[in-house]
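The numbering used here applies: residue 33 is where the sequence shown begins, and numbers increase by one.
Yeah, the Cβ is synthetic: ideal placement off N, Cα and C, and Gly gets one too.
Every value quoted in this text rests on a predicted model; they were computed, and no experiment measured them.
Right, one structure below, let's go through it.
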Amino acid sequence: MVLTRLSTSVSLVSGVWDSYCLIGDDGDGDDGVVLHRKNSSEGEDLSLSLSTTTMLTTTLATLAPAAAAPNSWVASRRLPVRGVGVVRADTKDHQAMYHQTHDEPTSWFGYQSGFGDRYVLGDILGSGTFGKVYKGIEIVSGKEYAVKRMQKRFGVGGTLDRYYVRRIRNEVDIGNHLGRSLNIAYVYEVYEDDTQVDIVMEMCTGGTLWDAIVRGERYTGEDLCRIVRDVLRVTALCHSQGVLIRDIKPDNFLFANPDHESAPLKAIDFGVSVFCEAGERVDMRAGTPMYISPEVLKCDYGHESDVWSAGLVAYMVLTGKLPWTGEEGDEIARDFMNGVACANKDIFRAILYSDLDFSDETWEGVPAAAKDLVQRMLDRDRTRRPTAAECLQHEWMFSIGAPEQEGVENTLKNTVVQRLQRFGTYGLLKQQALRKMAHVAAHLNGVSGALTEGMVSLGIETLPDGRITESDLRNVLVGGNFDLSPDEADQLMAQITFDKDQAIDPDDWCAAMTEWKAVRDTAEWDNMLAEVFEAADVDDDDALGADDVERLLCGEEGCDVSDMVDAAIREADSDGDGALSFGDFRSFLASHESDLQFFDDRKSGSGGSSSSDDE
Numbered sequence: 033m034v035l036t037r038l039s040t041s042v043s044l045v046s047g048v049w050d051s052y053c054l055i056g057d058d059g060d061g062d063d064g065v066v067l068h069r070k071n072s073s074e075g076e077d078l079s080l081s082l083s084t085t086t087m088l089t090t091t092l093a094t095l096a097p098a099a100a101a102p103n104s105w106v107a108s109r110r111l112p113v114r115g116v117g118v119v120r121a122d123t124k125d126h127q128a129m130y131h132q133t134h135d136e137p138t139s140w141f142g143y144q145s146g147f148g149d150r151y152v153l154g155d156i157l158g159s160g161t162f163g164k165v166y167k168g169i170e171i172v173s174g175k176e177y178a179v180k181r182m183q184k185r186f187g188v189g190g191t192l193d194r195y196y197v198r199r200i201r202n203e204v205d206i207g208n209h210l211g212r213s214l215n216i217a218y219v220y221e222v223y224e225d226d227t228q229v230d231i232v233m234e235m236c237t238g239g240t241l242w243d244a245i246v247r248g249e250r251y252t253g254e255d256l257c258r259i260v261r262d263v264l265r266v267t268a269l270c271h272s273q274g275v276l277i278r279d280i281k282p283d284n285f286l287f288a289n290p291d292h293e294s295a296p297l298k299a300i301d302f303g304v305s306v307f308c309e310a311g312e313r314v315d316m317r318a319g320t321p322m323y324i325s326p327e328v329l330k331c332d333y334g335h336e337s338d339v340w341s342a343g344l345v346a347y348m349v350l351t352g353k354l355p356w357t358g359e360e361g362d363e364i365a366r367d368f369m370n371g372v373a374c375a376n377k378d379i380f381r382a383i384l385y386s387d388l389d390f391s392d393e394t395w396e397g398v399p400a401a402a403k404d405l406v407q408r409m410l411d412r413d414r415t416r417r418p419t420a421a422e423c424l425q426h427e428w429m430f431s432i433g434a435p436e437q438e439g440v441e442n443t444l445k446n447t448v449v450q451r452l453q454r455f456g457t458y459g460l461l462k463q464q465a466l467r468k469m470a471h472v473a474a475h476l477n478g479v480s481g482a483l484t485e486g487m488v489s490l491g492i493e494t495l496p497d498g499r500i501t502e503s504d505l506r507n508v509l510v511g512g513n514f515d516l517s518p519d520e521a522d523q524l525m526a527q528i529t530f531d532k533d534q535a536i537d538p539d540d541w542c543a544a545m546t547e548w549k550a551v552r553d554t555a556e557w558d559n560m561l562a563e564v565f566e567a568a569d570v571d572d573d574d575a576l577g578a579d580d581v582e583r584l585l586c587g588e589e590g591c592d593v594s595d596m597v598d599a600a601i602r603e604a605d606s607d608g609d610g611a612l613s614f615g616d617f618r619s620f621l622a623s624h625e626s627d628l629q630f631f632d633d634r635k636s637g638s639g640g641s642s643s644s645d646d647e
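Dropping the structure here:
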């Protein structure tokens, strides 16, 4: 079926204005279409089917960039995975865009069972369209978690509803893909039984950013900057990892603890997010009506739409209200903040046409730089909006808590938490490949001197063979120069492989700490890359097949999770032939690098200030 796309305004029986996008076929092989409609009451989409170098290894230069001036779970799954809607600009098959589900009809996702054997549920913490959030208590330890429980939705024949499948898999796969950042609520485990799915997440006890805004909490200028910076960090990180969030709003950010003056924000709920690279366009509306951008209403948008939504959040944090003004805009803004239901047609009219207020008394005392940033983010011309990464380089972000001008000797000390977060976003295949790269570099030139020097800056004494003990690293992360909770330290340390002596191999540490982008700019990169590729290509066929990738991921013993190898190959296989050429391998290791500024450094007393990166 030839793709047809229609975007039109429709007057519904209910009288509520909405728009529809007719997209491709429904994935069943017949000539039907999929009708995507915004649910006016619940704010969700409904789908209706109709028919290293020498420097690397001998000095800290590659471990320590100079300070710049302002200016799932198992493997990350960037390419199509079960149930995740994927948007790619060069994809002509819209069935692949919206229905890459591997979804022969099923009533199971394939998650583990036995939630009740390990956890008990406590009080309800909140509820949403797709489920309720409970306090979950681990039976053995008594430790508390947040558990999002979602009832399964079944369609014809007792199989899972297709839209529901995509929604849940997005929640899990994207959450796990991104949840190694300290500004994203950590996903520990996922369970299911015949009737429900349980997602076990990090417990955040400080309430939502929306609650704080509605209560009219007063913050210092530094606190306001920190809150907006946390929102922008999440946005920039997602974009660097090829994820379009599509539902940035104060309700989806939680304070980690009740001390809002210091508590970091944690993002939750990626159920309507999609994989979308910079420059790619999406033509299906999604998100909460009040926070969507003008171009989302036109079914033609990309990363810049998230910047608009983040700008609305920043406006509300700074002023305690929405920006709409004028006769109709004032009423919508007032009603929404007071909890009065607003018709979508009125919200959309405000988004498209109402003036944005940057002049009333609520802006008195707000720094001019803060106002400038928000105005830029809320430009209705999407081509003039800064990217989230550019927003993080705005002068307001550097007006307080600016990074120190670091020397080589202490840069690693101040950025180790950021580097561990970044390493956690790479996915298992990239992590394992970089460990092999670090081993090659060490084999060629030796790294013990650089590692020892770096550990001394952290107050850690390495073992005689260069290894670092788990206890020493934990003590530094929790009680050293960083404001990390024990759980957060565990989350970061989970990215590192410990041996039987509970020590970190030097190759593992070097892989996590090295500025690989800088290394790729050197003449030695391709030689190192070729050595790792040739070692992994056991059958010498100039390609890494499933067996080769499995050995690279899990060693000779093989992988326990059946989908791990397939997911890793899909992530790196640019031409879709089921194997990784040297070109695939090279491009994959160079892809989706996130700047250190996208991660909270958590330095003690820094207020979460951002450290610059030379990448």
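Note on Trp557: 16 or more other CB atoms within 10 angstroms of its CB, so buried under the neighbour-count rule.
Under DSSP, Gly168 forms a beta bridge with Leu153 and Tyr177.
Put simply, of Asp627, Phe430, Asp283 and Asp592 the residue whose alpha carbon is nearest the alpha carbon of Thr240 is Asp283. Under the three-pair Cβ rule at 8 Å, the stretch 210-223 counts as touching the stretch 289-298. Within a 10 Å sphere around the beta-carbon of Asp155 sit fewer than 16 other beta-carbons, which makes this residue exposed. Assigned with DSSP and collapsed to three states, Ile536 falls in strand. In this structure, DSSP gives Tyr220 an extended state, which the three-state scheme calls strand. Proximity to Thr357 across Asp255, Leu350 and Ala365 peaks at Ala365, based on C-alpha coordinates. Per the DSSP secondary-structure output, Phe530 pairs in a beta bridge with Ile536. For Ile280 against Ala342, the beta-carbon gap comes to about 5 Å, under 8 Å, which counts as contact. With a cutoff of 8 Å on beta-carbon distance, Gly361 and Ala382 are scored as near each other.
Counting of Cβ neighbours within 10 angstroms places Asn559 among the exposed residues, the total staying below 16. In its chain, beyond the 5 residues on either side, Lys403 and Gln407 have a beta carbon closer than 7 Å to the beta carbon of Phe390. Asn376 has its alpha-carbon roughly 33 Å from the corresponding atom of Lys167. Residue nearest to Gly311 within the set Met322, Gly274 and Cys331 is Gly274 (criterion: CA-CA distance). Restricting attention to Asn202, Asp205, Arg212 and Leu192, the CA atom closest to the CA of Tyr458 is found in Arg212. The criterion of a C-beta distance shorter than 8 Å is not satisfied by Phe631 and Gln463. In this structure, the CA atom of Val345 is about 24 Å from the CA atom of Asn208.
Fewer than three pairs of CB atoms, one per stretch, sit closer than 8 Å, so the stretch 584-603 makes no contact with the stretch 507-516. Nearest to Leu561 by C-alpha distance, out of Val597, Ala600 and Ala473, is Ala473. Burial of Gly163 is indicated by the presence of at least 16 other C-beta atoms within 10 angstroms of its C-beta. Burial of Glu520 is indicated by the presence of at least 16 other C-beta atoms within 10 angstroms of its C-beta. Around the C-beta of Val328, 16 or more other C-beta atoms lie within 10 Å, and the residue is accordingly described as buried.
The straight-line gap separating the alpha-carbon atoms of Asp387 and Pro355 is approximately 8 Å. Distance between Gly615 and Asp573, taken at the CA atoms: about 14 Å. Non-local C-beta neighbours of His426 in its own chain, meaning closer than 6 Å and more than five positions away in sequence, comprise Leu405, ordered along the chain. The three-state reading of DSSP puts Trp356 in strand, counting E and B together.
Within the DSSP secondary-structure output, Ala299 pairs in a beta bridge with Ile216 and Phe285.
Taken through DSSP and simplified to helix, strand or coil, Val314 comes out as strand.
Taken atom to atom, the span from the alpha-carbon of Arg258 to that of Asp580 is near 45 Å.
For Met182, the secondary structure class from DSSP, reduced to helix, strand or coil, is strand. Residue range Gly253 to Ser272 is occupied by the alpha helix (DSSP H) that includes Val260. The beta carbon of Thr501 is closer than 6 Å to those of Ala535 in its chain, skipping five residues each way along the sequence. Thr457 sits in coil when the DSSP states are folded into three classes, being neither helix nor strand. With fewer than 16 other beta carbons inside 10 angstroms of its own, Pro290 counts as exposed. Closest option to Asp205, judged by alpha-carbon separation, among Tyr143, Ile528, Arg414 and Tyr251: Tyr143.
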